[in-house]
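Its first residue numbered 124, the sequence shown is counted upward by one per residue in the numbering used here.
C-beta: ideal position from N, C-alpha, C; glycine also.
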Amino acid sequence: MLKKRIAVLVSGGGTNLQAILDAEKSGVINSGKTVLVISNVEGAYALRRAESHGVKTAVILKKECGGQGPFEDKLSETLEAENIDLIVLAGFMSILSEAFTKRHEGKIINVHPSLIPSFCGKGFYGLRVHEAALEYGVKVTGATVHFVNEIPDGGEIIMQKAVEVLPDDTPETLQRRVMEQAEWVILPQAIEYICSGRHIQTHQSERKMA
Ligand code: GAR
């Protein structure tokens with residue numbers, strides 16, 4: 124069977140991208156292949172990880188495009204030119220508009236470092252998510268892989284994994300544990316699940332009405 128063509132969108136260190144590339148090597152991901160990595164940040168370390176795996180890269184900067192609309196048009200053109208089947212947001216720190224999510228409906232997934240619906244939505248990204256979890260005093264947190272729609276972190280959940288919060292945790296130690304025990308595990312699993320056609324999307328609106 125032809126492998127699905129995956130694009131990974133990044134903004135920073137790219138440890139989730141690394142987990143995807145490692146999973147392709149080990150065979151955890153067998154039904155898809157990362158063929159393109161796009162960063163919205165110049166010099167993001169994730170780009171180096173892609174290059175050292177021989178994966179094509181592109182940098183698209185909002186300020187150079189002249190705003191959100193042209194930025195997203197450039198993103199779409201770049202993705203469509205490569206016939207991408209699945210768009211994975213892996214530490215991509217830019218909120219995408221309804222126009223973009225509708226254009227690629229059912230094709231975009233994201234990994235978020237909490238158990239949605241806790242600590243998610245606008246303003247909850249990166250270390251801030253773990254700061255909020257510690258501030259609240261939850262004893263369990265985790266990660267979620269979900270489809271992306273026009274609501275930040277609001278799309279259908281595909282996979283979740285819980286992680287224990289320890290008494291001495293700092294945002295940094297908690298972030299690392301959530302990555303190691305949850306994000307790097309469920310993101311490759313979810314990708315394989317979708318690329319192999321095992322995930323049948325149920326629209327949230329339909330689910331709510333049922
Ligand atoms: C990850 O923890 C990811 O879940 C989070 O940013 C980090 C990126 O790390 N994403 C968000 O908070 C999105 N709302 P990475 O660049 O090493 O993969």
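Going by beta carbons, PRO294 and HIS253 fall inside the 7 Å limit. Remark: three or more beta-carbon pairs, one from each stretch, lie closer than 8 Å, so the segment 270-282 and the segment 224-238 are flagged as touching.
Shortest gap from the CB of ALA213 to any heavy atom of the ligand GAR: under 6 Å.
Remark: C-beta atoms of GLY155 and ILE314 approach each other more closely than 7 Å. Counting only runs that start and end inside the segment 296-322, the alpha helix (DSSP H) elements of at least 4 residues fall at 307-318. Look at ILE239 here: in three-state DSSP terms it is coil, with no helix or strand label. Membership of LYS148 in the alpha helix (DSSP H) is indicated by the continuous run 138-149. Within the model, the alpha-carbon separation for ILE218 versus GLY249 is close to 13 Å. Sorting HIS227, GLY214, ALA181 by C-alpha distance to the C-alpha of GLN298 places GLY214 at the top.
Shown here, SER154 sits in coil according to DSSP, grouped into three states, outside any helix or strand. In the assembly as shown, LEU140 is a buried residue. Its beta-carbon has 16 or more other beta-carbons within 10 Å. When secondary structure is reduced to three states using DSSP, SER162 falls in the strand class.
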